[in-house]
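For the sequence shown, my numbering assigns the number 4 to the initial residue and increments by one for each residue that follows. Ideal Cβ placement from N, Cα and C applies to all residues, glycine included. Quick caveat: nothing in here was measured; it's all calculated off a predicted structure.
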Amino acid sequence: MSDNGPLRMRHEGARRRTLTVAEKRQLTPHYLSIHFKCDDFGGFVSTSPDDHIKLFLPQDGPSAGRPIMRDYTPRGFDPADGTMILDFALHHPAGPATAWAITAKIGDRIEIGGPRGSVLLPDDCDWYWLIGDETALPAIARRIEEWPGKPIRALIAVTDADEQLQLAGDDIHWLHRPSALAHDPVALVEAVAALALPAGRGFIWIAAEAGVARALRDVVLDKGQPLARIKASGYWTQGVADGHARLD
Ligand SMILES: Cc1cc2nc3c(=O)[nH]c(=O)nc-3n(C[C@H](O)[C@H](O)[C@H](O)COP(=O)(O)OP(=O)(O)OC[C@H]3O[C@@H](n4cnc5c(N)ncnc54)[C@H](O)[C@@H]3O)c2cc1C
4 MSDNGPLRMR HEGARRRTLT VAEKRQLTPH YLSIHFKCDD FGGFVSTSPD
54 DHIKLFLPQD GPSAGRPIMR DYTPRGFDPA DGTMILDFAL HHPAGPATAW
104 AITAKIGDRI EIGGPRGSVL LPDDCDWYWL IGDETALPAI ARRIEEWPGK
154 PIRALIAVTD ADEQLQLAGD DIHWLHRPSA LAHDPVALVE AVAALALPAG
204 RGFIWIAAEA GVARALRDVV LDKGQPLARI KASGYWTQGV ADGHARLD
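So, in structure tokens, the structure goes:
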């Protein structure tokens, strides 16, 4: 494992697969978990909790045949059992992926592609901070589960207490801000600014709206966290469809 920062790996042979909706679980008023079956899981690899797959959403009209693509985190998967879980943070007004999730019925099918690669965080740090919003919850929940016993602190912004999930970790901090202000960095920035970096070598993972993620990255840089041990991503961008923004 690199001492300096994350390690990127590519997955050869990532290909399209068809998922079939098996079950829908409304975990909170705005957080929907969809459980899928897949008969074709051979070769599926997801090495890191923040991997993403592409969801291919069918289009009607003149653009038919050119699917809309959106990124989602494989929240859970079991190739032996042929099952996958994707969790959807439901936003309003809904984009195509959110609308699909809300209206999907048991038996509906959808194509996915990837993950085409993984970014492995150094696993020997003295501490980890995971900071994000609702869209980061699948990756945060999965990382806490996959790294039991690691010194992980999570700071997560959601609308209110009804949107909080039961996570496996014991150092989870929920922040509340109106859904209309999900692109406003204030709540998370103030919470992070009030914390001192723990002693030792730490890693800070950030995923939220692009402007929020950028502001958080700047705050932790100002505190002295080395850039090599920050992974910050814009999981969506206010006012932009498919607004993934890589910040490294
Ligand atoms: C690597 C990666 C992994 C991701 N994993 C997940 C995941 O597991 N679960 C998940 O829910 N999301 C996840 N996201 C975020 C998700 O891809 C985006 O929110 C996506 O834009 C939703 O697509 P859509 O079709 O619903 O909306 P779009 O058509 O992309 O956007 C339509 C409008 O909605 C706004 N918008 C988009 N997302 C939000 C939001 N969350 N809140 C408020 N407004 C929004 C946009 O600014 C735009 O104005 C991930 C993103 C990345 C990059």
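Relative to the non-hydrogen atoms of ligand 1, the Cβ of PRO141 comes within a distance shorter than 7 Å of at least one. Comparing C-alpha distances from ARG146 to each of ALA164, ASP126, ASP165 and ASP163 shows the shortest one belongs to ASP126.
Taken from the Cβ of PRO99, at least one heavy atom of ligand 1 lies inside 7 Å. Cβ neighbours of SER182 within its own chain (closer than 8 Å, five residues either side excluded): HIS33, HIS94, HIS95 and THR162. For the pair PHE47 and GLU114, the CB atoms are not nearer than the 8 Å cut-off. Checking the DSSP bridge columns, you'll see PRO99 has no partner listed. In this structure, ARG11 and VAL122 form a Cβ contact; the two beta carbons are roughly 5 Å apart against a cut-off of 8 Å.
Distances between the C-beta of GLN241 and the heavy atoms of ligand 1 include at least one below 7 Å.
Between ARG78 and PRO141, the C-beta gap is smaller than 8 Å, which places the two residues in contact. The stretch 89 to 149 contains, as complete beta strand (DSSP E) runs of 3+ residues, the segments 112 to 116, 120 to 123 and 130 to 135 (chain order).
With a cut-off of 7 Å, the C-beta of PHE59 is classified as distant from ligand 1, since no heavy atom of the ligand falls inside that distance. Assigned with DSSP and collapsed to three states, ARG249 falls in strand.
The way I'd put it, the stretch 36 to 44 does touch the stretch 82 to 92; three or more beta-carbon pairs between them come closer than 8 Å.
Distance from the CA atom of ALA231 to the CA atom of LEU224, rounded to whole angstroms, is 10 Å.
In this structure the stretch 166 to 175 does not lie against the stretch 191 to 201, because fewer than three pairs of beta carbons, one per stretch, are closer than 8 Å. Taken in chain order, the complete beta strand (DSSP E) segments of 3 residues or longer contained in the stretch 22 to 101 are 34 to 40, 56 to 60, 71 to 75, 77 to 81 and 86 to 92. Residue nearest to LEU184 within the set ALA211, LEU158, ARG204 and ILE207 is ALA211 (criterion: CA-CA distance). Judged by DSSP secondary structure, ALA216 falls within the alpha helix (DSSP H) whose first and last residues are 213 to 225.
About 6 Å separates the CB atoms of LEU219 and VAL192; that is less than 8 Å, so the two are in contact. Apart from sequence neighbours up to five positions away, the residues of its chain that approach PRO61 with a beta-carbon distance below 7 Å are PRO70, ordered along the chain. The straight-line gap separating the alpha-carbon atoms of LEU200 and ALA102 is approximately 40 Å. Classified as exposed, PRO151 has fewer than 16 neighbouring CB atoms from the shown chains inside 10 Å of its CB. Here the distance from the Cβ of ARG73 to the nearest heavy atom of ligand 1 is below 7 Å.
If you ignore the 5 residues before and after ALA244, its C-beta comes within less than 7 Å of the C-beta of GLY98, all in its own chain and listed in chain order. In the three-state reduction of the DSSP assignment, ALA190 falls in the helix class.
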